[in-house]
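In our numbering, the protein residues as written are 40 to 289.
Rendered as structure tokens:
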């Protein structure tokens, strides 16, 4: 009988000795938020090729990059906290928006070095606030299980109740906007908003694959040999037969 949450090999797959299976899962390197990142990029730092960008952070004065236009440079102002980094999914979303704007400019024949996408603009913040709240207008009541008073997320449920106060001061409203943006979009090791799925996700069950650029179920892993995600931590990759890093421990 198989254990809940695990998939096991078919008879054909089992013909190859388990001990002979080579681990081909791509290593996921998580850099602690307290670690100072630096890069020496010779280009713009606008993509995940930049070490800082790839880690969900903006470049710092300690970097030796040239002509830096890292779109994540605005995160400290966006989050109102210089120590917060973007969650992997949010960082991918920012890169996609920047790329989209750059392509649009190229089609129009413009050659400005700065991307048009502005993470700090009121329009972008309002768009993201509505996305996280599941509404079209931020004046509406938040929708979704994450805000349910009977749900598992007491913090967001309390946030939703307070958000409904009509005579809230502008100062407190700004603080609450900062709170939900940081909660859902920062790499804080908790629940996060998945742009891939258009909904909130639990970090224990979902992770964002930085190689594929998509949010995946916890049972999926990225095969570096085939350069794609494959299902089943206890199953060999369907492409090359390689296995996950936990395969030999199961």
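Note that the Cβ used here is the ideal one computed from N, Cα and C, for glycine as well. Since the structure is predicted, the reported quantities are computational estimates derived from the model, not experimental observations.
- Using a 10 angstroms sphere on the CB of residue 287, the tally of other CB atoms stays under 16, which defines it as exposed.
- When only Cα atoms are considered, residue 183 and residue 232 end up about 12 Å apart.
- In the three-state reduction of the DSSP assignment, residue 282 falls in the strand class, which pools E and B.
- Closest in alpha carbon position to residue 76, among 98, 242, 125, is 98.
- For residue 116, no beta strand (DSSP E) segment is defined; the enclosing uninterrupted segment is the alpha helix (DSSP H) at 114–118.
- Note that the C-beta distance between residue 66 and residue 116 is not below 8 Å.
- At the C-beta level, residue 185 and residue 256 stay beyond 8 Å of one another.
- Distance between residue 206 and residue 102, taken at the CA atoms: about 45 Å.
- Nearest in C-alpha terms to residue 197, of all of 78, 218, 178, is 218.
- Per DSSP, residue 240 is one residue of the beta strand (DSSP E) stretching across 238–240.
- Looking at the DSSP output, residue 246 shares a beta bridge with 255.
- A straight line joining the alpha-carbon of residue 222 with that of residue 239 spans about 11 Å.
- Of the other Cβ atoms in all chains shown, 16 or more fall within 10 Å of the Cβ of residue 133; this residue is therefore buried.
- Counting only the Cα atoms, residue 289 lies some 7 Å from residue 273.
- Taking C-beta separations shorter than 6 Å and ignoring five residues to either side along the sequence, the partners of residue 64 in its chain run 260, 283, 284, following chain order.
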